[in-house]
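Read through the structure below, which is laid out as structure tokens, and then see the notes.
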Amino acid sequence: MKTEQLLGRRIRELRKARNLTQEQFGERTGINYKYLGAVERGQENPTVKVLEKIARVLRVDLRDLFAFDHLEQDSKTLKRRIAQLIEGKDQEKLQKAAKLLSALLE
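In structure tokens:
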């Protein structure tokens with residue numbers, strides 16, 4: 001995933017955690033909400049000044065906008081992680097894991 005997309009997802013995540021609509025976010029930052037929406041979708045590359053305004057309204061440090069490691073995991077990585085978790089487990093634990101996954105995914 002591109003950095004612009006990860007940054008946008010992180011901004012959206014922080015905005016939603018503060019229960020702000022894009023319109024409210026735009027009002028508080030002084031930035032057009034349509035532009036902010038494009039930033040959140042990774043379609044715009046904001047300047048440092050814009051990022052500073054965003055960080056101020058979200059009450060985070062500028063560097064926190066780039067804390068998106070948790071967003072970077074794609075499905076292939078997640079599948080690999082699940083396989084690592086069950087590797088070498090005994091039959092009983094595998095059955096429990098299968099039941100748990102079935103319950104979560106059905």
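For the sequence shown, our numbering begins at 1 and goes up steadily by one.
For every residue, glycine included, the Cβ atom is placed at its ideal position computed from N, Cα and C.
Source: prediction; values computed, not measured.
Would you kindly check if the distance between the Cβ of residue j and the Cβ of residue i is under 8 Å?
i	j	result
Gly-42	Lys-76	no
Gly-26	Leu-14	no
My assumption, with CB atoms under 8 Å, is that residue i sits in contact with residue j. Please give the rounded CB distance.
i	j	result
Arg-10	Leu-78	18 Å between Cβ atoms; not a contact.
Gly-8	Val-39	5 Å
Ile-82	Leu-94	Not really, about 12 Å apart at Cβ, beyond 8 Å.
Tyr-33	Glu-23	5 Å
Ile-31	Val-48	Not quite, the Cβ-Cβ distance comes to about 14 Å (not below 8 Å), so this is no contact.
Phe-68	Leu-20	Wrong, their Cβ atoms sit about 19 Å apart, outside the cutoff.
Nearest to residue i by alpha carbon, out of the options?
i	options	result
Ile-54	Arg-18, Arg-80 and Ala-97	Arg-18
Glu-4	Leu-20, Lys-16, Pro-46 and Arg-28	Pro-46
Arg-59	Lys-16, Gln-91 and Leu-104	Lys-16
For residue i, report the span of its alpha helix (DSSP H) as first-last.
i	result
Ala-67	No alpha helix (DSSP H) holds Ala-67; DSSP gives it neither H nor E.
Lys-76	75-86
Arg-12	3-17
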